[in-house]
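K.L.:
Once you know that position 408 of the sequence shown is 407 in numbering that gives the first Met the number 0, the rest is easy, because the numbers rise by one and skip nothing.
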Amino acid sequence: MLQDLRIVDNDGIVSCRIESPSAVLMEMAQQWKNKAELLVSELEWVKATDFKISKSRPRNARTGRFSSLTHVSDIIAVSSCKGGVGKSTVAVNLAYRWDAINGFKHYLQSELHCSLSKFGARVGILDADIYGPSLPTMVSPANSTIRQSKLAKHLVEPVEYEGVKCMSFGFVNRRAAPGAGGVGAAVMRGPMVSKLINQLIIGTEWGDLDYLVVDMPPGTGDIQISLSQQMAISAAVVVTTPQRLSFIDVEKGIAMFNDLKIKTVAVVENMSYFDCLHGQRHQPFGPGHTQELVKNYNIKHVFKLPISEHFSSSADSGRPFVLSGISLAEEKTYESLATTIAKEIVILKHKVRPAPEMNYDRDRGIVLRIFNSTEATEALLHPADLRARCRCAECIDEFTGSQILNLATIPDDIYPTVVEQKGNYAIAVTWSDGHSSSLYTYDELTALIVEFAAKSE
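This is the structure in structure tokens:
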């Protein structure tokens, strides 16, 4: 992004600041800088250029997120939908690979003369698996005590290990961590688990982060859907293994993310192969099914990780593999994965359409607006009309699709008491009659805007 453009006509000097969209993409920003300087310097009246690169402060472009995530630029879900495929290992190593990427190395050394570590991405990781938290085993901070935030009494400080902010139910409840000897959350009901996850999200002082990696609990149920809705996830990475059964579950996970308007930007096939001492590559679980995912879901990026004792020993020792200093092809794979995700997120941000807006005006009723690059369209609805279009399980029969809501029971003076964004795909409304499960997708709202705007013409 171009900032602070200045032109001094008398001296023929052009200066500006190029803001990198991500710490991981400093090399790309350097390429933009070089190209811009070359093009500008070709102008006859230009005698000198002064172009600089800066790293932007993370900011939240989505209005529906919690205040504790205000300066978390992007949230990445690492999901598997099936347990035991190495999802947590991938999530942790991805987070620490991002933290270790130091921007454009030569640029920083020659022009900024600073420590490279200061220009690594600011990263956090949330272990959202309440039933089986693994983060306390995979990292080993010197002090894992959860403390009250110094900035806000209603927040707690995350645990830090090697520059990455970490939060897990295993840090909050020691008996929940693997090997602690307690049952933790093993017998906890789903609604309580959802509340606990929300507390970990909104109750943690994440501060400034370029990326928050979420180690998702396995499955595609209410907990996963609720988590995706609450956090407005930027992109998803799905972890699988070569077995057919794992592939079937991965398809369910990708379908869930598609329904929630979350783009799956990469698939990681773990335990894909091993190289023997004779230099031959073996695939003990078969060739896998990643090509079917590429074909069926238009996923461009597939990464394959081997069966490796280094992954297992690093996880058990409490130090992520990418910090081990072992120079292997696997580390390059993680670096490529981290860079690819960062680039895909930038592309998605430029492709995404602005979400419809919904507001309530006492005099005008429900005000719906949608924007494009050239204009805005507004439509007005009576609150009762929107309430009548609710398609939740209390209003629509899930099996037949027929309406079970008695429209005559909707009060004429009904109005919304709460309007809030849900994830990347819907707006939730709580009504004055006590109904609190209305969810209107962006596609539904866009169709309503077109319909009612046409009627008003």
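C-beta: ideal position from N, C-alpha, C; glycine also. As the structure is a computational prediction, the values presented were derived from the model and not from experiment.
(1) Expressed to the nearest angstrom, what Euclidean distance is found between the alpha-carbon atoms of Ala462 and Asn371?
(2) Could you have a look at Val449 and say whether DSSP puts it in helix, strand or coil?
(3) Suppose the cutoff is 6 Å on Cβ atoms and the five residues either side in sequence are ignored; what does the same chain contact list for Asp360 look like?
(4) Using the C-alpha atoms, what's the distance from Cys165 back to Arg5?
(5) What residues in its chain sit with their C-beta under 6 Å from that of Ala47, if we drop five residues either side in the sequence?
(6) Would you identify the three-state DSSP class for Asn295, choosing helix, strand or coil?
(7) If we ignore side chains and look at the alpha-carbon of each, how far apart do Asp362 and Val449 end up?
(8) Just the Cα atoms here: how many angstroms apart are Lys260 and Ile124?
(9) Mapping DSSP to helix, strand and coil, what is Asn358?
(10) Would you decide whether Val417 is buried or exposed? Buried here means 16 or more other CB atoms lie within 10 Å of its CB.
(11) For Tyr272, which of helix, strand or coil comes out of DSSP?
(12) Which two residues bound the contiguous alpha helix (DSSP H) that contains Tyr439?
(13) Flag this pair as touching only if the stretch 300-308 and the stretch 267-284 have three or more C-beta atom pairs under 8 Å; answer yes or no.
(14) Leu226 and Ile196: beta carbons closer than 8 Å?
(15) DSSP on Thr373, reduced to helix/strand/coil?
(16) Curious, which full-length beta strand (DSSP E) runs of at least 3 residues does the stretch 179-262 contain?
(17) In whole angstroms, what is the alpha-carbon distance linking Glu110 and Ala341?
(18) On a Cα-Cα basis, can you pick out the residue from Thr239, Asn295, Gln29, Lys51 that is closest to Lys86?
(19) For a test of the three-state rule: what should DSSP assign to Gln282, helix, strand or coil?
(20) With a cut-off of 8 Å, do at least 3 Cβ pairs link the stretch 243-251 to the stretch 282-292?
(21) Rounding to the nearest angstrom, what Cα-Cα distance links Ala354 and Ile253 in this structure?
(22) Ile409 to Ile395, Cα distance in whole Å?
(23) Would you mind working out which of Ser316, Ser78, Ala127, Gln229 sits nearest Phe168, comparing C-alpha positions?
(24) Measuring straight from C-alpha to C-alpha, what distance separates Glu443 and Asn358?
(25) Rounded to the nearest angstrom, what separates Ile74 and Leu379 at their Cα positions?
(26) Please state if the CB of Ile413 and the CB of Ala383 are separated by a distance shorter than 8 Å.
(27) When you compare each of Met270, Leu292, Arg390 to Pro283 by their alpha carbons, which one comes out closest?
(28) Please list, in chain order, all residues of the same chain as Gly364 whose beta carbon is under 8 Å from its beta carbon, the five residues on each side excluded.
(29) Using the DSSP secondary-structure output, state which residues sit across from Asp73 in a beta bridge.
(30) Please classify Pro190 as buried or exposed, where buried requires at least 16 neighbouring CB atoms within 10 angstroms.
(31) Does the contact criterion of 3 or more C-beta pairs under 8 Å hold for the stretch 132-147 versus the stretch 314-334?
(32) Can you tell me which residues form a DSSP beta bridge with Pro157?
(33) Can the beta-carbon of Ala90 be found less than 8 Å from the beta-carbon of Asp214?
(34) Go ahead and pull the three-state DSSP assignment for Trp430.
(35) Are the Cβ atoms of Ser79 and Phe50 separated by less than 8 Å?
(36) Roughly how many angstroms separate the alpha carbons of Thr339 and His300, rounded to a whole number?
P.N.:
Quick answer:
(1) Since the first residue shown for the chain is 0 and the last is 456, residue 462 is missing from the structure and cannot be characterised.
(2) Secondary structure at Val449: helix, using DSSP grouped into helix, strand and coil.
(3) Val366
(4) Looking at the two C-alpha atoms, the distance is approximately 42 Å.
(5) Ile12
(6) helix
(7) 22 Å
(8) 22 Å
(9) The DSSP-derived three-state label of Asn358 is strand.
(10) Counting every other CB atom within 10 Å of its CB across the protein chains shown gives Val417 a total below 16, marking it as exposed.
(11) Tyr272: coil per DSSP, three-state reduction.
(12) Element bounds for Tyr439: not the alpha helix (DSSP H) but the beta strand (DSSP E), 437-440.
(13) yes
(14) yes
(15) Three-state result, Thr373: coil.
(16) 208-214, 234-239
(17) In this prediction, Glu110 scores a pLDDT of 34, lower than 50, which makes its location untrustworthy; the coordinate-derived value is nonetheless stated afterwards. Rounded to whole angstroms, Glu110 to Ala341 spans 24 Å at the Cα level.
(18) Thr239
(19) coil
(20) yes
(21) 22 Å
(22) 15 Å
(23) Ala127
(24) 16 Å
(25) 34 Å
(26) yes
(27) Met270
(28) Leu379, Leu380, His381, Pro382
(29) The partner list for Asp73 (beta bridge, DSSP) reads Tyr210.
(30) exposed
(31) yes
(32) Paired residues: none, contrary to the question.
(33) yes
(34) In this structure, DSSP gives Trp430 an extended state, which the three-state scheme calls strand.
(35) no
(36) 8 Å
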